[in-house]
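Before any comments, here is the structure.
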Amino acid sequence: MRLSEILDRILLGGYEAAKKDATRQIIARYSRGNVNIQNGYLLDEDGLEKLRAVGDDAMKKLHVWAGSKKH
Amino acid sequence: MAECGEYKSILAGISSEWDQAEKDIKIAEQVCGEVVTPSIKELRYAGRRIVDALNEMAADGDKQEISNYLQDAKFNCHKARHDAIDAAISKISITLELMSQKLGYKNIITVYSGFSDFWAQLSATKEKIVASRGDRENRENLYAAIENSEIQKLVVEFGKIQRAEPIIMSIAKKEKMAMWGSYAIGLIGIIIAIVAIFVPLID
């Protein structure tokens, strides 16, 4: 345990650590990770790279088709 | 390739939902950059569905399937909006609770006098979110009201309290150090008293 963590625990009742933990819990709560994995939406890094390129192109087309002036 | 014009209405819906989700993510990012991860993931899933739909269109695939992919994409954008708002509200709420628990309400009020009003404002918004859970028909209107004004006010107030946080922490630390100091002095006093009483008895 680092000195800053010890001081946080002694002087602030673990305030900083509790904030970090709360943020992790919020992300976990809204991620619904298990459901998406069950539905087969899991992507690895390589797949994500390829998808990102295709997705960018698709979004440009979508905006044109939807008649939007925004990108 | 299938005509995209057939899906004009749903594509316009996706575009509008996506734009709103991005706005909400930008607002939520001001609260905490990390908590927007679930929203960004939802937009990623929406992107995946759009790619699937485009693929089907290119292959002259089943129209119902294309429509289903696009409906899924729209729903993912919708979830991204709600996740951004919910995560931002949760982050604000938990931070305020931790602040009052760990740093002390008195110390917060000393530096940031608007704490009570902020808390009341936050509680009212949380109540609306809770109400929206049981009111599916009106949920969109409730969230739109939160998106259009309430969340922005809460983010501004949260920014103020975040800027005040280092000062509040410093006051809380000094208070705790004074408390530990007085405990230490008390303990030393007790040890000296015990020694003063028992050492003559041993002799």
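Residue numbers (the working numbering), protein chains in the order written: chain A, 1 to 71; chain B, 1001 to 1203.
By construction, the Cβ of each residue, glycine as well, lies at the ideal position given by its N, Cα and C atoms.
A quick note: this is a predicted structure, and the numbers were derived from the prediction, not measured.
Of B/F1158, B/C1032, B/A1184, the smallest CA-CA separation from B/A1087 is found for B/C1032. B/N1107 and B/G1114 have their alpha carbons spaced roughly 13 Å apart. Counting only Cβ-Cβ distances below 7 Å, A/A18 has contacts in chain B at L1098, K1102, in chain order.
Nearest to A/R24 by alpha-carbon distance, out of B/L1096, B/V1035, B/Q1020, is B/V1035. Of the candidates B/E1137, B/A1193, B/L1103, the residue whose Cα lies closest to the Cα of B/I1161 is B/L1103. Judged by DSSP secondary structure, B/I1194 falls within the alpha helix (DSSP H) whose first and last residues are 1151 to 1202.
Annotation: Cβ neighbours of B/T1095 in chain A (cutoff 8 Å, chain order): K19, A22.
Nearest in C-alpha terms to B/L1011, of all of B/G1047, B/E1175, B/K1128, B/T1037, is B/G1047.
For B/I1109, the enclosing alpha helix (DSSP H) has its first and last residue at 1105 to 1111.
In the same chain as A/D8, and ignoring 5 residues on each side of it, the C-beta atoms closer than 7 Å to its own belong to G14, Y15, E16, A17, in chain order. For B/C1077, the enclosing alpha helix (DSSP H) stretches over residues 1063 to 1098. Here the alpha carbons of B/Q1020 and B/Y1045 stand approximately 16 Å from one another. Restricting attention to A/I27, A/K60, A/R52, the CA atom closest to the CA of B/I1085 is found in A/I27.
For A/E16, the uninterrupted alpha helix (DSSP H) run begins and ends at 15 to 31, by DSSP. Near chain A, meaning a CB-to-CB distance below 7 Å, the residues of the stretch 1043 to 1056 of chain B are Y1045, G1047, R1048, I1050, V1051, L1054. The beta carbons of A/S31 and B/P1038 sit closer together than 8 Å.
Neighbours of B/K1160 in chain A, taken as residues whose beta carbon is under 9 Å from its own, are absent, since the nearest beta carbon is some 17 Å off. Taking 7 Å as the upper bound on Cβ-Cβ separation, chain A lies near residues S1015, D1019, C1032, E1034, V1035, T1037, P1038, K1041 of the stretch 1015 to 1044 of chain B. The C-beta of B/G1181 has fewer than 16 other C-beta atoms within 10 Å across all chains shown, which makes the residue exposed.
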